[in-house]
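Novice: Sending over a structure as structure tokens; questions will come in a sec.
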Amino acid sequence: MKPTFKWIVLLFISVVLNLTAHAAVFSIVPKAGTSLPVQVYKGGSVKALYTVTNTTGGYHSGNYVKYLPENTTQVTVDPTYPDLCGTTFNLASQASCTLELSVSGTVNASNPNPRDHLFVCLGGCVTCCAGTNFPLNVQQSNPIYTAIFDAGSSGTRLSFYSVIPGDYPLIEKIGTYDDSLTGVPDDDGINNFLNGDGSIKLAPGESLPAGCPGTSNLGQLDVEPCVLQPLLNKLDEAVAAENSSHPGLNLTLSQVSVELFATAGMRTENELNGGSKTTAQIAEYYDQMKNYVKLWGYNTGEFKTINGNSEEGVWTWTNTNDYYYNSFGGNPSVSQTVQYPVGDFEVGGSSIQIAFPTNESPSDAGNVYRVAINGHAFNVYSKTFLGLGADDARKYVKAYNYNSNNGGVGCYSNTATVNNTREKSGIQLYPSNQVISGVYPFPTNASYLDTPWTNIPSDSLLLVGTSIYNESTCSNMYDTIESQVTSLERNRYGTYSDGAIVTLDSFKTKLQSSNAPFIGIDNFFYTANDVGYSPSTGFNASIFQQALETYCSGTVASNPNAQNVCPNGNFMNTYLFGTTGLFSGGSLAVFAGVLNPSNPQGVTVLTWTRGYLLLKYSQA
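Numbering (our numbering), first residue to last: 29 to 648.
Written out as structure tokens, the structure is:
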């Protein structure tokens with residue numbers, strides 16, 4: 029009969045080491061309900077769990093692990109397993125303990141050296157040892173390389189990551205590529221290309237990307253040469269640089285997974301949400317872009333519009349609480365203690381995502397989702413509102429009472445002009461029949477109450493008259509807009525039909541039920557920072573309001589970003605602290621402050637793309 033691996037090793041030991049093998053001393057088998065690892069990623073580690081049982085008829089103390097496989101260490105402290113085998117451990121007859129091993133590299137089950145195999149010995153007896161019939165056999169692989177297109181309503185960027193899966197995935201951002209780089213134009217969102225109204229803006233002295241026909245009136249087929257191609261060129265360079273800095277890596281394009289996730293801009297294109305495109309037409313658009321990337325040589329994953337509730341909102345919340353608060357216990361460089369998570373406001377161009385921990389049970393209909401990483405789990409309420417991104421909310425104010433609008437002149441400083449407040453794109457004007465009964469309809473001109481939507485071009489959103497900032501006038505318009513947009517039928521949708529319709533009042537009640545502090549990121553941070561008041565904690569509404577008034581009453585720079593601070597700041601102030609604001613009316617919930625989406629080195633760290641990877645590659 030062919031001898032087993034265990035007895036070959038034991039014989040080797042008896043000959044070479046002059047040990048007496050006592051196979052019946054211990055039973056060492058994989059822990060029930062677990063599997064032994066077969067793969068480990070370079071730079072990471074995996075867990076192997078065995079059950080060690082004293083098979084003798086007597087009590088034995090001081091037992092220990094004599095040998096371990098290569099690239100393996102014993103874990104002696106882990107509160108997950110109260111019966112953990114320690115450096116030494118005692119076992120009564122037929123009693124067991126859990127042996128936890130950490131594997132950080134290749135383990136060869138056929139290694140001829142007996143010292144590279146697991147052996148457990150009785151205390152006080154250096155030769156009374158037992159091996160296992162279940163040896164480790166682990167292959168080491170390169171980290172997973174993945175790149176994600178973040179196709180937002182105001183532009184497209186590409187982030188490149190390496191990921192080591194695990195209970196707490198180890199994620200390294202290799203780089204983010206956007207219009208700040210030479211050769212990458214500033215695009216106005218892939219959704220506009222779908223409608224034949226795409227545009228790009230070139231930096232001074234730069235030429236059109238190869239194959240891109242122009243800078244305006246760009247169509248569906250132009251999205252590849254004008255938007256994707258320049259970013260893929262940067263990714264090619266990053267892959268080459270990664271190979272140069274890691275000799276022996278030999279990373280090929282086909283080993284890099286590329287995905288494209290679009291947010292609110294593409295949500296608004298669906299007929300479901302007021303757009304003109306069917307779900308099938310949108311799917312065809314994604315397939316077109318996916319095939320282009322595939323022909324480039326990359327491996328392709330998902331290309332789609334992500335759900336604002338269960339995906340974008342949850343992913344942002346996950347990353348924020350991991351990166352700044354170590355809420356999942358895997359980021360001790362941020363905090364040595366695991367902090368209870370905060371709620372967040374992620375304010376983009378076309379939508380806002382608001383998420384916070386809740387005691388409610390998970391339910392898609394209730395917009396409550398389970399988030400579990402590294403043994404830490406939370407139920408998260410997450411809600412997106414199309415039309416309450418900073419850009420769209422501002423456009424709705426500029427279209428206020430459309431037939432007699434003035435372009436929102438009361439929301440701008442006296443240095444505002446038509447040119448420096450011009451919008452890059454228009455807005456979908458909603459009809460009165462989309463507004464929940466009891467909320468004042470907008471607009472009032474019946475000729476624009478088409479069903480389902482009226483598309484208002486950017487040239488119809490121009491300033492009319494002399495701009496003089498008036499906090500009260502501007503706030504009243506934002507207050508109406510916020511109430512109406514919140515209650516639109518389309519805002520039951522994250523992408524498809526999920527969740528209930530809410531009013532501003534009912535959502536306010538829901539938010540104020542959370543005992544978590546809230547923070548603002550993205551446009552809320554940039555706005556607060558621009559007016560000179562952006563604390564991360566101890567945020568004072570009165571100080572912010574005064575800073576906003578001082579900024580908008582002074583001489584505001586002529587560039588569009590500086591001009592938009594006043595309406596965007598009024599939006600933030602009205603939405604959070606106004607008469608019907610989410611933190612008004614004796615709220616127990618607290619708006620604590622704003623967080624910079626970038627670290628001191630200028631690298632964007634608060635991004636839903638990293639939250640997506642944390643959840644995708646968590647093996648908890």
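Backbone N, C-alpha and C define an ideal beta-carbon position, used for all residues, glycine too. None of these values were measured; they are calculated from a predicted model.
What separation, rounded to the nearest whole angstrom, lies between the Cα atoms of N395 and G133?
Specialist: When rounded, the distance between both Cα atoms is 42 Å.
Novice: How many angstroms separate the CA atom of G151 from the CA atom of P197?
Specialist: One C-alpha to the other measures close to 38 Å.
Novice: Whole angstroms is fine: what's the gap from L643's alpha carbon to S121's?
Specialist: Taking the straight line from one Cα to the other gives about 43 Å.
Novice: Reducing DSSP to helix, strand and coil, say where N442 ends up.
Specialist: Looking at N442 - three-state DSSP - the assignment turns out to be coil, as it is neither helix nor strand.
Novice: Could you tell me how far apart the beta carbons of S181 and T291 are, in whole angstroms, since I believe they sit closer than 8 Å?
Specialist: Confirmed, about 7 Å.
Novice: Can you tell me whether R450 is helix, strand or coil according to DSSP?
Specialist: Note: R450 maps to coil in three-state DSSP.
Novice: Looking only at its chain, what residues have a beta carbon closer than 7 Å to the beta carbon of G325, apart from the 5 residues adjacent to it on each side?
Specialist: The answer, listed in chain order, is L281 and S282.
Novice: Starting from S503, trace the beta strand (DSSP E) both ways and give me its first and last residue.
Specialist: Not the beta strand (DSSP E): S503 falls in the alpha helix (DSSP H), residues E499 to T514.
Novice: Just how far apart, CA to CA, sit I310 and K70?
Specialist: Taking the straight line joining both Cα atoms gives about 39 Å.
Novice: When the Cα atoms are used, what is the spatial distance from N261 to G217?
Specialist: Approximately 19 Å between the Cα atoms of the pair.
Novice: Got a sec, what are the start and stop residues for the alpha helix (DSSP H) D178 sits in?
Specialist: Careful: D178 lies outside any alpha helix (DSSP H), inside the beta strand (DSSP E) at I172 to G180.
Novice: Within 10 Å of its beta-carbon, does N335 have 16 or more other beta-carbons around it, so buried, or fewer, so exposed?
Specialist: The residue is buried, with at least 16 neighbouring Cβ atoms inside 10 Å.
Novice: Measure how close the beta-carbons of M532 and T508 come, nearest whole angstrom, since I'm counting them as under 8 Å.
Specialist: Looking at the sequence shown, residue 532 is not Met but Leu. Not really, about 10 Å apart at Cβ, beyond 8 Å.
Novice: Can you list, in chain order, the residues of its chain whose CB lies under 8 Å from that of S646, leaving out five sequence neighbours each side?
Specialist: So the qualifying residues of the chain are P193, G194, D195, Y196, P197, A400, I401 and N402.
Novice: Only counting runs of 3 or more residues, tell me where the beta strand (DSSP E) segments fall wholly within the segment 381-419, in order along the chain.
Specialist: List check, beta strand (DSSP E) in window: 396-401 and 404-414.
Novice: Under a three-way DSSP split, which group does K305 fall into?
Specialist: Correct three-state label for K305: strand.
Novice: Can you give me the Cβ contacts of D558 inside the same chain, cut-off strictly under 6 Å, excluding the 5 residues immediately before and after it?
Specialist: Counting only Cβ-Cβ distances below 6 Å, and skipping sequence neighbours, we find V593.
Novice: Which of the three DSSP states is assigned to Q647 in this structure?
Specialist: It is coil, neither helix nor strand.
Novice: L92 bridges to which residues according to DSSP?
Specialist: According to the sequence as given, residue 92 is Tyr; it is not Leu. Bridge partners of Y92: T116 and C149.
Novice: What number of angstroms, rounded off, separates the C-alpha of W343 from the C-alpha of C149?
Specialist: Cα to Cα, the separation comes out at about 47 Å.
Novice: List the residues that DSSP assigns as beta-bridge partners of E128.
Specialist: E128 pairs with L77 and V103.
Novice: Quick one, are the C-beta atoms of G377 and G436 less than 8 Å apart?
Specialist: Not in contact: G377 and G436 (Cβ atoms no closer than 8 Å).
Novice: Assign N627 to buried or exposed, taking buried as 16 or more other Cβ atoms, counted over all protein chains shown, within 10 Å of its Cβ.
Specialist: Looking at its Cβ environment, which holds fewer than 16 other Cβ atoms inside 10 Å, N627 is exposed.
Novice: With 16 as the cutoff for other CB atoms within 10 Å, does A474 come out buried or exposed?
Specialist: Reliability of the predicted coordinates at A474 is poor, the pLDDT of 49 falling under 50, and the value obtained from them is presented with this limitation in mind. It is exposed - the Cβ of A474 has fewer than 16 other Cβ atoms within 10 Å.
Novice: Provide the residue span of the beta strand (DSSP E) that contains G621, from first to last.
Specialist: Taken as a continuous stretch (DSSP letters only), the beta strand (DSSP E) holding G621 covers F619 to V622.
Novice: Thinking C-alpha only, which one of E330, D250, M600 and D111 is nearest Y554?
Specialist: Ranking the options by Cα distance to Y554, first place goes to M600.
Novice: Note the first and the last residue of the continuous beta strand (DSSP E) segment covering N261.
Specialist: Here N261 belongs to no beta strand (DSSP E); instead the alpha helix (DSSP H) covers Q257 to S273.
Novice: What residue range is occupied by the uninterrupted alpha helix (DSSP H) comprising Q573?
Specialist: Q573 -> alpha helix (DSSP H) spans A569 to S581.
Novice: Could you tell me which residues DSSP puts in a beta bridge with N223?
Specialist: According to DSSP, which records beta bridges pairwise, N223 is partnered with nothing at all.
Novice: Can you grab the Cα-Cα spacing for the pair T296 / A179, in whole Å?
Specialist: The alpha-carbon atoms of T296 and A179 are separated by roughly 13 Å.
Novice: Would T412 count as contacting chain E if we go by Cβ distances under 8 Å?
Specialist: Absent from the structure: chain E. Only one protein chain is present.
Novice: Would V74 and I56 qualify as a contact pair, given that the criterion is a beta-carbon distance under 8 Å?
Specialist: Contact: no.
Novice: Along the chain, where does the alpha helix (DSSP H) containing T494 start, and where does it finish?
Specialist: Run containing T494: none; DSSP gives neither H nor E here.
Novice: Would you call the segment 268-279 and the segment 303-322 touching, i.e. three or more CB-CB distances under 8 Å?
Specialist: Touching, no, given that fewer than three Cβ pairs across the two stretches are closer than 8 Å.
Novice: Relative to the C-alpha of L323, which residue among L77, V286 and I176 is closest?
Specialist: Selected option, being the one with the closest Cα: V286.
Novice: Within the segment 313-362, note down every full beta strand (DSSP E) run reaching 3 residues or more, in order along the chain.
Specialist: Entirely contained in the segment 313-362, the beta strand (DSSP E) runs reaching 3 residues are, in chain order, 327-333.
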